[in-house]
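The sequence shown maps to residues 0 to 149 in numbering that gives the first Met the number 0.
Quick reminder that beta carbons are idealized off the backbone N, C-alpha and C, glycines included.
Contents: one structure, followed by commentary.
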Amino acid sequence: MHHGQAAATHAKMIGTTEKHSKYNDFKHPPLVLASGSPRRHSLLKSLGFLFHVEVSGAEEKQSGLGPAELALANAKLKATEVLERSVRASHSWVIGADTVVSLDERLLGKPRSREEVCSHLRALSGKTHKVITGLALLSRGKTPLLEATT
């Protein structure tokens, strides 16, 4: 999606028909990114979004769901926790995201040590695996705008 398409999509999301060259020009509450991920921060910034970072303190689910369902459930947990806790988020759209890796439909947990990173890389080496990101875009008192896995 190029910048013009992204701007039109953003305008539609927030209910304005004004045309601007940058998202920051919109007169609307900013987005809140419920993540401390430098990659997610960089991605939103590169797209020109005005946003604040509020790292979620939600305890992620670790099992009991398939990989795609787990990623989406954790994304919703993160966005919901920030939405309920943060005054800044109370008038904003909150983006929650979670990424999981699965190998042969088996979820690989997030590595907690260098040894686990090496173990995961050995398990993945030469094999087809899936990297799944769940995404939730929520706002207080509004129907979720987006719930997706990629």
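- Given that a residue counts as buried once 16 or more other Cβ atoms are within 10 Å of its Cβ, and exposed if not, what is PRO66? Within the sequence shown, residue 66 is the residue found at index 67, counting from 1. Counting Cβ neighbours within 10 Å, PRO66 comes out buried, since at least 16 surround it.
- Message: Let me check one thing: in DSSP terms, what residues is ARG105 bridge-paired to?
- Response: Against the sequence shown, residue 105 aligns to sequence position 106. DSSP output for ARG105 lists LEU102 as bridge partner(s).
- Message: Between which two residues does the alpha helix (DSSP H) holding THR79 run?
- Response: Locating residue 79 in the sequence shown gives position 80, where the first residue counts as 1. Element bounds for THR79: 66–84.
- Message: Quick check on the burial criterion: 16 or more other C-beta atoms within 10 angstroms. Buried or exposed for LYS141?
- Response: As a working mapping, residue 141 is identified with position 142 in the sequence shown. Looking at its Cβ environment, which holds fewer than 16 other Cβ atoms inside 10 Å, LYS141 is exposed.
- Contact set for SER20: own chain, Cβ-Cβ below 7 Å, skip 5 residues either direction: Position 21 of the sequence shown holds residue 20. Low confidence applies here, because SER20 scores a pLDDT of 37, under 50, leaving its location unreliable; read the following figure in that light. Hits under 7 Å: none found.
- Item | Secondary structure of LYS141, DSSP reduced to three states | As a first step, residue 141 must be located in the sequence shown, where it is residue number 142. LYS141 falls in the coil class under three-state DSSP.
- Query: Mind checking SER91: buried by the 16 CB within 10 Å criterion, or exposed?
  - Reply: Here residue 91 corresponds to residue number 92 of the sequence shown, with the count starting at 1. With 16 or more Cβ atoms within 10 Å of its Cβ, SER91 is classed as buried.
- Message: Can you tell me whether LEU134 is buried or exposed? The criterion is at least 16 other CB atoms within 10 Å of its CB, across all chains shown.
- Response: Locating residue 134 in the sequence shown gives position 135, where the first residue counts as 1. Classification of LEU134: buried, given that the 10 Å Cβ count is 16 or more.
- Query: DSSP state of ALA122, grouped into three classes?
  - Reply: Stepping through the sequence shown from its first residue, residue 122 is reached at position 123. ALA122: helix per DSSP, three-state reduction.
- Message: Is the separation between the beta-carbon of ALA78 and that of LEU136 shorter than 9 Å?
- Response: Locating residue 78 in the sequence shown gives position 79, counting from the first residue. Locating residue 136 in the sequence shown gives position 137, counting from the first residue. Yes, these two residues count as a Cβ contact at 9 Å.
- Message: For PRO143, which residues in the same chain have their Cβ closer than 6 Å to its Cβ, ignoring the five residues on either side in sequence?
- Response: Within the sequence shown, numbered from 1, the residue matching residue 143 stands at position 144. Cβ neighbours of PRO143 beyond the five flanking positions: LEU137.
- Please state whether DSSP places VAL31 in a helix, a strand or coil. Here the question's residue 31 lines up with position 32 in the sequence shown. Strand.
- From PHE50 to ASP103, what does the alpha carbon distance come to, in whole angstroms? Here residue 50 corresponds to residue number 51 of the sequence shown, with the count starting at 1. Here residue 103 corresponds to residue number 104 of the sequence shown, with the count starting at 1. Their backbone Cα atoms lie some 37 Å apart in a straight line.
- Item | Residues that GLY50 bridges to, as DSSP identifies them | For the purposes of this step, residue 50 is taken as the residue at position 51 of the sequence shown. Here residue 50 turns out to be Phe, not Gly, going by the sequence shown. Looking at the DSSP assignment, PHE50 forms a beta bridge with LEU30.
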